[in-house]
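52 is the number that UniProt numbering gives to position 52 of the sequence shown; each next residue is one higher, with no gaps.
Note that the Cβ used here is the ideal one computed from N, Cα and C, for glycine as well.
Contents: one structure, followed by commentary.
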Amino acid sequence: MIISKTGDKSWRFDYSRPYTKKRNSLSFGSYPTVTLADARIRREEARTLLSQNIDPHVEKVRIENEILNTNNNTFQNISNEWMAKQDFAESTIKGQQRLLEVINQHIGKIPIHEIKAMDILKVCRIYEKEGKLETA
């Protein structure tokens, strides 16, 4: 635990980076938001990573980026970005948005790299049942 001059308390783990052997610190959060038990668990996780020659800070950043990318790379977010960049006529935009609304109900929240052919086929089957074969 580190206590600042202002009285703020935070949990910190000091370690040497596996490859450069330079000193580094990893913060686990402030007290009492992060309890002693949580800080000890996080410290043990960091020690486990260090025993595998993995820098805990680098791993933490990698996981945060992975979560961010997964949340931002959903079909819905990418399709919305794509629509925003298009220079379609108003009627075309409305038609595309209606189509994307149906698609997004089924696969919109799925990260783009996890969408399988069967997911697309399920959406096509919806239009097929409605007799909209050109749309499917």
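Item, Value
"Stretch pair the stretch 10 to 18 + the stretch 40 to 55: three plus CB contacts closer than 8 Å", "yes"
"Inter-stretch contact at 8 Å, needing at least 3 Cβ pairs: the stretch 105 to 120 / the stretch 62 to 73", "yes"
"Anticipated Cβ contact below 8 Å, Leu-26 with Pro-56, distance rounded", "5 Å"
"Where Asp-14 falls: helix, strand or coil (DSSP)", "strand"
"According to DSSP, residues forming a beta bridge with Gln-2", "The amino acid at residue 2 is misidentified as Gln; the sequence shows Ile. The partner list for Ile-2 (beta bridge, DSSP) reads Ser-10."
"Endpoints, the beta strand (DSSP E) within which Asn-24 is located", "23 to 30"
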